[in-house]
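This report concerns only the one structure given below.
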Ligand SMILES: *[C@@H]1O[C@H](CO)[C@@H](O)[C@H](O)[C@H]1NC(C)=O
Ligand SMILES: *[C@@H]1O[C@H](CO)[C@@H](O)[C@H](O)[C@H]1NC(C)=O
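Next comes the structure, spelled out in structure tokens:
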């Protein structure tokens, strides 16, 4: 008992002083088929990545090479379809390479957040007997009035088969795209996608602690890098745009019209990029109806 308490206390102590931690290097595919598909969604079918948390950075390299590239720095020897994105992975398609060359074999590792955060209880809002098992964050919020994480995007999600408490990836069920025990969306398994009745899942969410403590998540100031006078308003995240969290993936984003503070979704404009943490917000003047131009938007990010 004493030993157990000691171990618990010291693991907690180590976690609270350590920074974020790197996963192992993943290499689940070879380029011999259509290319090298090191996607996060495929990796998540084999087990938790970052314990169900959102990866906040990624490093990629050709297997056996010391030359690392990221979303922000370095370069790959091939043309990539997905360039080492923390929330998507790395993808190289053979058809994108010149002269019938095959892609190199890539591997990727993810940086897992140690940001101060709190788990909810396991929750089970639905049964799979109807169209499927709907354990998605928006259903909790909009159908049940359970405002998960006070309306902030969750940082982590874990999902279990309620019949035996085994993790989601052991059940053989297929999940809906983007709802595969996704850190911020939760889980949806429809009979249509799974082709048979889904297991009954419960889910829990880890909410970032926002504040001034050393490991707390923090909001940046409101940022406005562009004006809509040329092609539109480019408040995008990436090498040519915002890098709000020092090359870490933001946990959340808020976007509003500068001046009126109206939320982006109430402004009624057609957006190319709809206020997502990884991509930001992009509004193109050419996409607006009736010759209207884009409004001037500002954005802020919740950094891990
Ligand atoms: C999640 O839940 C909502 C209910 O608020 C539902 O309308 C929506 O389609 C669900 N999303 C997905 C993609 O499963
Ligand atoms: C802005 O709108 C989005 C999409 O409807 C919503 O998820 C978000 O909570 C809103 N933000 C605020 C600050 O009200």
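In UniProt numbering, the protein residues as written are 1 to 304. Even glycine gets a Cβ: it sits at the ideal position worked out from N, Cα and C.
Bounding residues of the beta strand (DSSP E) (the contiguous stretch that carries residue i)
i: residue 203; result: 201-208
i: residue 107; result: 106-112
i: residue 232; result: 232-236
i: residue 182; result: 180-182
i: residue 85; result: 82-85
i: residue 118; result: 117-119
i: residue 172; result: From DSSP, residue 172 is part of no beta strand (DSSP E); its letter is neither H nor E.
i: residue 61; result: 57-62
i: residue 91; result: 89-93
i: residue 274; result: 273-276
i: residue 298; result: 297-303
i: residue 160; result: 156-161
Residue i (DSSP reduced to helix, strand or coil)
i: residue 187; result: strand
i: residue 264; result: helix
i: residue 285; result: helix
i: residue 193; result: helix
i: residue 198; result: coil
i: residue 41; result: helix
i: residue 253; result: strand
i: residue 46; result: helix
i: residue 149; result: helix
i: residue 99; result: helix
i: residue 351; result: The requested residue 351 does not occur in the structure, where the chain is confined to residues 1 to 304.
i: residue 74; result: coil
i: residue 211; result: coil
i: residue 291; result: helix
Residue i classed as buried or exposed, judged by whether at least 16 other C-beta atoms fall within 10 angstroms
i: residue 304; result: buried
i: residue 144; result: exposed
i: residue 55; result: buried
i: residue 16; result: Residue confidence is low: residue 16 scores 33 on pLDDT, short of 50, so the model does not pin down where it sits. Its coordinate-derived value is still stated next. Its Cβ having fewer than 16 others within 10 Å, residue 16 is exposed.
i: residue 292; result: exposed
i: residue 192; result: exposed
Candidates the options, of which the one nearest residue i by Cα
i: residue 281; options: 152, 257 and 290; result: 257
i: residue 69; options: 239, 260, 47 and 116; result: 239
i: residue 64; options: 94, 106, 86 and 145; result: 106
i: residue 100; options: 31, 23 and 176; result: 31
i: residue 190; options: 270, 168, 211 and 173; result: 173
i: residue 128; options: 73, 237, 187 and 165; result: 187
i: residue 199; options: 170, 96, 227 and 211; result: 170
i: residue 255; options: 287, 222, 153 and 142; result: 222
i: residue 111; options: 130, 94 and 89; result: 89
i: residue 298; options: 288, 103, 265 and 289; result: 265
i: residue 37; options: 146, 102 and 19; result: 102
Terminal residues of the alpha helix (DSSP H) in which residue i lies
i: residue 139; result: 137-144
Across the stretch 114-130 and the stretch 196-203, are there enough close Cβ pairs to call them in contact, namely three or more that are closer than 8 Å? yes
Using 8 Å as the cut-off, can you tell me whether the stretch 206-216 makes contact with the stretch 78-91, which would need three or more C-beta pairs spanning the two stretches below that distance? no
Using 8 Å as the cut-off, can you tell me whether the stretch 127-139 makes contact with the stretch 32-41, which would need three or more C-beta pairs spanning the two stretches below that distance? no
May I ask you to verify whether the stretch 241-254 touches the stretch 268-288, counting CB pairs closer than 8 Å and requiring at least 3? yes
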